[in-house]
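For what it's worth, full-length UniProt numbering labels the leading residue of the sequence shown as 1, then goes sequentially. Every residue, glycine too, gets a C-beta built ideally from N, C-alpha and C.
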Amino acid sequence: MSTETSPATAADAETDTVAAPAVPSGPAAVVPRRSQVGRLAVTAIVVLLLDQLTKAVALLTLTPGVRVPVLGDLLGWQLIFNPGAAFSFGTGVTWVFTVVMAVVSSVVIVLARRVASPWWAVALGAILGGAMGNLVDRLARDPGFGIGHVVDFIDYGVFIGNVADIAIVGAAIGMVLLSLFGSTWDGAAPALVAAEEPAAEPVAETAEDAGEEPLAAEPAAAESDPDAAAAAGAAAERPVAETAEDDVTP
């Protein structure tokens, strides 16, 4: 059984092989978008629960205004009720921070389904959990709804904060670092890089590349030299004549 492949089939196969675009790999590879809602939600819940739990412990064990040193003047416990923002800043505009925390929480919740990066999901979850932790204090604590004072108890010597503040500031630093390293929260940058990569152009295979001799060269040579064509015809007829003479019996 013959297994030879026709020149046209071989050329088509070679063209298809060369024309196939290369699949990008490494940092530029397109990773299928996957919702990170679960990761974001778990991070937010953990931060929120940890913030409220530590505040409850501080309310039970610490006396307002009395500092308990942990690392001398660098770190200690001191319970205060903060009407301002993170680390006790902006104490005169409590309602503004209530609105800001509510807006931040709403924006993160709306964008949660579009987050494609796991690291961005953790960072945004930490911001959401921290914002909601302080928002709970604004809404539920004295002196009233929307103007409640936030429980702060971690004394850094210069300012006093809580777990929610740490989560918000840490997540903000993390997002800056992610942006510097080219990571986007919705995965748009890798997809754009892959889309801009030009597709490989098909390379047509010639008869010379396939190792085949051109078929049209011989007729052209014969037409250009009539004497050579006549000599070739005579050479082709000579063996036949000699064979006929050999068959004659003397």
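Beta-carbon proximity of residue i to residue j, cut-off 9 Å
{"i": "L178", "j": "A44", "result": "no"}
{"i": "A126", "j": "G161", "result": "no"}
{"i": "M101", "j": "R138", "result": "yes"}
{"i": "A164", "j": "G144", "result": "no"}
{"i": "I154", "j": "A131", "result": "no"}
{"i": "V150", "j": "N82", "result": "yes"}
{"i": "T184", "j": "S117", "result": "yes"}
In DSSP terms, what residue i is bridged to
{"i": "I160", "result": "D155"}
{"i": "N82", "result": "V150"}
{"i": "R67", "result": "Q78"}
Rounded C-alpha distance that separates residue i from residue j
{"i": "D157", "j": "D73", "result": "Looking at the sequence provided, one finds Gly at residue 157 rather than Asp. Each residue's Cα considered, the two are about 6 Å apart."}
{"i": "E196", "j": "G182", "result": "Low per-residue confidence applies at E196: pLDDT is 48, beneath 50, and the placement is therefore not dependable, though the value from the model is reported in the following sentence. Near 16 Å, if we compare the C-alpha coordinates of G182 and E196."}
{"i": "I147", "j": "V57", "result": "22 Å"}
{"i": "I166", "j": "L40", "result": "17 Å"}
{"i": "S105", "j": "R113", "result": "14 Å"}
{"i": "L62", "j": "I80", "result": "10 Å"}
{"i": "V93", "j": "L135", "result": "14 Å"}
{"i": "P64", "j": "V96", "result": "25 Å"}
{"i": "L60", "j": "D186", "result": "42 Å"}
{"i": "L50", "j": "V42", "result": "12 Å"}
{"i": "I109", "j": "A171", "result": "16 Å"}
{"i": "V68", "j": "V46", "result": "26 Å"}
{"i": "L75", "j": "D152", "result": "13 Å"}
{"i": "A123", "j": "L48", "result": "14 Å"}
{"i": "F159", "j": "V99", "result": "23 Å"}
{"i": "residue 253", "j": "G38", "result": "Residue 253 lies beyond the range of the chain shown here (1 to 250); nothing can be said about it."}
{"i": "G84", "j": "L180", "result": "31 Å"}
{"i": "V107", "j": "W119", "result": "18 Å"}
{"i": "L111", "j": "V103", "result": "12 Å"}
Integer Cβ distance of residue i from residue j, believed to fall under 8 Å
{"i": "Q36", "j": "A121", "result": "3 Å"}
{"i": "Q78", "j": "V66", "result": "7 Å"}
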